[in-house]
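Q: Protein chains in written order, with the numbering used here: chain D, 2 to 166; chain U, 464 to 898.
For every residue, glycine included, the Cβ atom is placed at its ideal position computed from N, Cα and C.
Quick one: the structure is below, and I'll ask about it shortly.
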Ligand SMILES: Cc1cc2nc3c(=O)[nH]c(=O)nc-3n(C[C@H](O)[C@H](O)[C@H](O)COP(=O)(O)O)c2cc1C
Ligand code: SF4
Ligand code: FES
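This is the structure we're talking about:
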């Protein structure tokens, strides 16, 4: 047993259980509640660990292997811990031709993350490039946690980061 | 209107009329602006009458394929022996497209009204609205609007006293472009990996949980509101080009234009009006090089090809591309076409669900070959190899993601071959260009 197993606190108890049960009438099968249930886990714990996968599988009457297969298909579910602030910068062609790669460089520089996917030494930030965020007219859009920020330029990056301690 | 810019005289703002006006976002705000009149009218009609009205309007799907909406609705079984479902596709993730997001965040009740009309027309009691996971703000706004609609009787067990039950469930995606494909979306709602399904069976026969299902794009359903409110004849009259393309279309214009934004045009409007007048043309000192007119999955057009091109389904096909989702990517002379085509191929390689060999391997190979060319290690036979790969990726897979990767590659090699050859002959290097 690893340390995470021992420390694992179930998500679907008390309030968490009520939130899960509120999903059931919305779908005709338990399996259909999987994506929303995984969102509940990520909101509560920041990422989806192996024991969390087992817990979800248990409450939805699925196998852990099945749940893992679904978790890993979707890019927004974190399968390992990330920084306190998760930064996603769009670099797909429409944003790319408007200078998105320079925005990524500015974020890497100002956060000390060094590389994409790495968490900064202070645990504050993780940065990734994402594909089209559906806001191409507002190049470059950046998603920091749940905040959707439009029109980010390299010059704005330092100021934006000050809002995320 | 050209949100975030003021409306342009050449626009026809119908769906976009209240973009930017936060007071239109609430139930009261929407009702004051004539909202929910279309739904009330629809509820006073039979299912068949609503379908006929939408058929007569000429409305075609705004999600990309342009399939006639009334006809699609008519495929749903007349006898409701199993539950019927409507799925609203709010997964908007086709590069270049950002129109549905504005409908969601400014006029969520416009969408709910359209959804309820659609549900009535196909005999569905339940609607799933699939919102892409990254639309965090839009998800909150929509969820609040759903709650309000229930409180005001626009949703629930007896919609506006008609005896009709219509429920809405907002389902949040979790990051996967492929879930915008209709059968992948159904799998995703069912709690599965977002793999597209083999058709047939078509969704109207066996969709969500093997029940009859219709999937429509956000803009399609929003258009239905106005068709019900103002009539099919009015809608059909909005046409400047081919009579098979009617109504208005939101065009998201992005890239190297001075005023990127969403412009609502009457079908058939000249493409040059859109780029040079509404969107303000190129930045000073720059000239137009290329346009991808319908989201990244359609062939690229040259500056010459857009001359005389009418913005409707047939007009763009006549010029060798497609209207698609209406996401227009404009590139000026600073653009490195080879690099941007590589970036698009990389997008498709990242988003392939990997079920089909041609797509899984083809999107990855295409990206690697383009990267090699850009790095100055291209081989003389690489262009033929790319075209051969593209041929193997077209028309041979479960869904058209594979074809979508091939389209920009093939068209770019055909129309901008010189740029590829410059890399191959080492007369050009990546550091010499800007974007
Ligand atoms: C790979 C792929 C991605 C798609 N993404 C979207 C999307 O994000 N939004 C959308 O409305 N349709 C998308 N579609 C089209 C849908 O499959 C479907 O045709 C559409 O939602 C039908 O609605 P409509 O008839 O109202 O256009 C996509 C199709 C494919 C093949
Ligand atoms: S074409 Fe690509 S995305 Fe579509 S089903 Fe096949 S592998 Fe998946
Ligand atoms: S390409 Fe960046 S938001 Fe669409």
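1) According to DSSP, is residue 1 (chain D) part of a helix, a strand, or is it coil?
2) Under a Cβ-count criterion, where at least 16 other Cβ atoms within 10 Å of its own Cβ denotes burial, should residue 36 (chain D) be classed as buried or exposed?
3) Express the C-alpha separation of residue 544 (chain U) and residue 493 (chain U) in angstroms, rounding to a whole number.
4) DSSP on residue 4 (chain D), reduced to helix/strand/coil?
5) In chain D, which residues lie with their C-beta within 7 Å of the C-beta of residue 639 (chain U)?
6) Count the other C-beta atoms from every protein chain shown that fall within 10 angstroms of the C-beta of residue 837 (chain U), then say buried if there are 16 or more, exposed otherwise.
7) Looking at the secondary structure, which residues open and close the alpha helix (DSSP H) in which residue 148 (chain D) lies?
8) Between residue 620 (chain U) and the rest of its own chain, which residues show a CB-CB distance below 6 Å, the 5 nearest in sequence each way excluded?
9) Using 10 angstroms around the beta-carbon of residue 721 (chain U), count the other beta-carbons present and answer buried if the total reaches 16, otherwise exposed.
10) Out of U:780, U:618, U:672, point me to the one whose CA is closest to residue 528 (chain U)'s CA.
11) Examine the Cβ distances between the stretch 496-513 of chain U and the stretch 754-772 of chain U and report whether three or more of them are shorter than 8 Å.
12) Less than 8 Å between the CB of residue 64 (chain D) and some heavy atom of ligand 3, yes or no?
13) CB of residue 134 (chain D) to nearest heavy atom of ligand 3: below 8 Å?
14) Is DSSP giving residue 727 (chain U) helix, strand or coil here?
15) Within a Cβ cutoff of 8 Å, which residues of the same chain sit near residue 889 (chain U), ignoring the five residues on either side of it in sequence?
16) Mind checking which residues open and close the beta strand (DSSP E) that includes residue 126 (chain D)?
17) Could you compute how far the alpha carbon of residue 88 (chain D) sits from the alpha carbon of residue 669 (chain U)?
18) Against chain D, which members of the stretch 712-723 of chain U pass a CB distance test of less than 8 Å?
19) I want to verify the contact list: residues of chain U whose CB lies under 9 Å from the CB of residue 97 (chain D), in sequence order.
20) Run through the DSSP bridge pairs and tell me what residue 89 (chain D) is partnered with.
21) Just how far apart, CA to CA, sit residue 47 (chain D) and residue 637 (chain U)?
22) Comparing alpha-carbon positions, which option in D:153, D:146, D:79 lies nearest residue 140 (chain D)?
23) By the 8 Å beta-carbon criterion, what residues does the stretch 589-619 of chain U contribute toward chain D?
24) When Cβ atoms are compared, which residues of the stretch 145-159 of chain D fall closer than 7 Å to chain U?
25) Using a 10 Å radius around the Cβ and a threshold of 16 neighbouring Cβ atoms, would you call residue 486 (chain U) buried or exposed?
26) With DSSP as the reference, identify every bridge partner of residue 790 (chain U), one or two as the case may be.
27) Listed in chain order, which residues of the stretch 813-846 of chain U have Cβ atoms closer than 9 Å to some Cβ of chain D?
28) Decide if residue 610 (chain U) is buried, meaning its Cβ has at least 16 other Cβ atoms within 10 Å, or exposed.
29) Measure the Cβ-Cβ separation of residue 120 (chain D) and residue 558 (chain U) and say whether it is below 9 Å.
30) What does residue 794 (chain U) reach in chain D if we use C-beta pairs closer than 8 Å?
31) Look at residue 707 (chain U) and residue 777 (chain U) and say whether their C-beta atoms are less than 9 Å apart.
32) Quick check: does the Cβ of residue 696 (chain U) come within less than 8 Å of any heavy atom belonging to ligand 2?
33) Just to be sure I understand the criterion: a residue counts if its Cβ is closer than 6 Å to at least one heavy atom of ligand 4. Which residues meet that?
34) Quick check: what's the CA-CA separation for residue 131 (chain D) versus residue 640 (chain U)?
35) Considering only DSSP beta bridges, list what residue 634 (chain U) is partnered with.
36) Closer than 8 Å to a non-hydrogen atom of ligand 3 - does that hold for the CB of residue 141 (chain D)?
A: Once the coordinates are examined:
1) Because chain D in this structure spans residues 2 to 166, residue 1 (chain D) falls outside the shown range and cannot be described.
2) With 16 or more Cβ atoms within 10 Å of its Cβ, residue 36 (chain D) is classed as buried.
3) About 35 Å.
4) Residue placement at residue 4 (chain D) cannot be trusted, given a pLDDT of 49 that sits under 50; the coordinates are not used to answer.
5) Simply 74, 75, 76.
6) Per the 10 Å Cβ criterion, buried.
7) Run containing residue 148 (chain D): none in the alpha helix (DSSP H); it sits in the beta strand (DSSP E), 148-150.
8) Excluding its 5 nearest sequence neighbours in each direction, residue 620 (chain U) has C-beta neighbours in its own chain below 6 Å: 628, listed in chain order.
9) Classification of residue 721 (chain U): exposed, given that the 10 Å Cβ count is below 16.
10) Cα-wise, what sits closest to residue 528 (chain U) is U:780.
11) No: the two stretches stay apart, fewer than three of their Cβ pairs being nearer than 8 Å.
12) Answer for residue 64 (chain D): no, Cβ out of range of ligand 3.
13) Flag set: Cβ of residue 134 (chain D) near ligand 3.
14) Correct three-state label for residue 727 (chain U): strand.
15) So the list reads 839, once near-sequence residues are dropped.
16) Segment 126-131, the beta strand (DSSP E) holding residue 126 (chain D).
17) Those two C-alpha atoms are separated by around 40 Å.
18) Listed in sequence order: 715, 716, 717, 718, 719, 723.
19) The CB of residue 97 (chain D) comes closer than 9 Å to the CB of 802, 803, 806, 898 in chain U, given here in chain order.
20) According to DSSP, residue 89 (chain D) shares a beta bridge with D:129, D:144.
21) If you take the alpha carbons of residue 47 (chain D) and residue 637 (chain U), they lie about 14 Å apart.
22) The candidate whose alpha carbon is nearest that of residue 140 (chain D) is D:153.
23) Those residues of the stretch 589-619 of chain U that come within reach of chain D (Cβ to Cβ, closer than 8 Å) are 595, 596, 597, 598, 599, 600.
24) So the list reads 147, 149, given in the order they occur along the chain.
25) Classification of residue 486 (chain U): exposed, given that the 10 Å Cβ count is below 16.
26) Per DSSP, the beta bridge partners of residue 790 (chain U) are U:715.
27) Interface annotation for the stretch 813-846 of chain U against chain D: 813, 814, 816, criterion Cβ-Cβ distance under 9 Å.
28) With fewer than 16 other Cβ atoms within 10 Å, it is exposed.
29) Result no, Cβ atoms of residue 120 (chain D) and residue 558 (chain U) do not sit closer than 9 Å.
30) Within 8 Å Cβ-Cβ: 98.
31) Yes.
32) No, since every heavy atom of ligand 2 falls outside the 8 Å radius drawn around the Cβ of residue 696 (chain U).
33) No copy of ligand 4 occurs in the structure displayed; its ligands are ligand 1, ligand 2 and ligand 3 alone.
34) One C-alpha to the other measures close to 11 Å.
35) Residue pairing by DSSP puts residue 634 (chain U) in a beta bridge opposite U:593.
36) Yes, since a heavy atom of ligand 3 falls inside the 8 Å radius drawn around the Cβ of residue 141 (chain D).
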